[in-house]
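In my numbering, the protein residues as written are 50 to 263.
Where a beta carbon is used, it is the ideal one built from N, C-alpha and C, also for glycine.
These figures come from a predicted structure and were not determined experimentally.
A short worksheet on the structure shown next.
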Amino acid sequence: DAVVRAFGDVSAHEVHAWSRPQQIAFWINAYNAFTLRAIVDHYPIEGSRFSLHPRNSIRQIDGVWTSLAWKAAGQTVTLDDIEHRILRPTFREPLVHFAVNCASVSCPPLAPEPYRAITLEAQLHAAARRFLASPLGLTLRGTRLSVSSIFKWYGDDFVERYGNVVAGAGAPVDRAVLGVVATFGPADARAVAETGRARIGFLSYDWSLNDLPR
């Protein structure tokens, strides 16, 4: 409760005066704290047989991304506002996709500490490596790299920075995926990605709540 209130105690003027890393860290932390608060407020999540599958999913919380409102930096925001109106278009930092957490099994894992400006780059790199080392983020079979559906939904965000890391032809998003894997993936996947000839596929996304079994 105190952490959630603290985001609302910061004014817009204060946030705008901060450095880019400070602002990115603030909004990542806000997103994750608000998501945790939403889960706690609605837990246990057990949808009806008429609801979306899976029944124990953040998607069972009506309007969790679009209408559930929070106070942060002198304004009222939703989770979608933070991700799609502030973080993505303002800062154009694709690695935030490995840092914001949607409380689902297939999400990149929630970091065990808050993001901080002074360590932001290292923390984002670690988040990318941690996710791509997991079978929920990346699997390799022969020359086929199957990656999280996050790359299918937001692949364009990675093109500018990672689209030219690996030489070769192909669609811009595919080349960006190879660039990310070549930069942050495990050694075997990195070697395949660096050839520029890997085939790209997307893993199915498990929206089940990432909680402990009861």
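- In the displayed model, Val-154 falls within coil according to three-state DSSP, outside both helix and strand.
- In the three-state DSSP reduction, Gly-250 falls in the strand class (E or B).
- When the five nearest sequence neighbours on each side are left out, no beta carbon in the same chain lies closer than 6 Å to the beta carbon of Ala-160.
- The beta carbons of Phe-207 and Val-241 sit no closer together than 7 Å.
- Nearest in C-alpha terms to Ala-247, of all of Leu-189, Tyr-203 and Pro-262, is Leu-189.
- In the DSSP secondary-structure assignment, Ser-195 is bridged to Thr-188 and Gly-250.
- Counting the other CB atoms within 10 Å of its CB gives Pro-157 a total of 16 or more, which places it among the buried residues.
- The beta-carbon distance between Phe-251 and Phe-200, rounded to whole angstroms, is 7 Å. This is short enough to meet the 8 Å contact definition.
- Under the three-state reduction of DSSP, Val-229 is assigned to helix.
- For Ala-121, no alpha helix (DSSP H) segment is defined; the enclosing uninterrupted segment is the beta strand (DSSP E) at 119 to 121.
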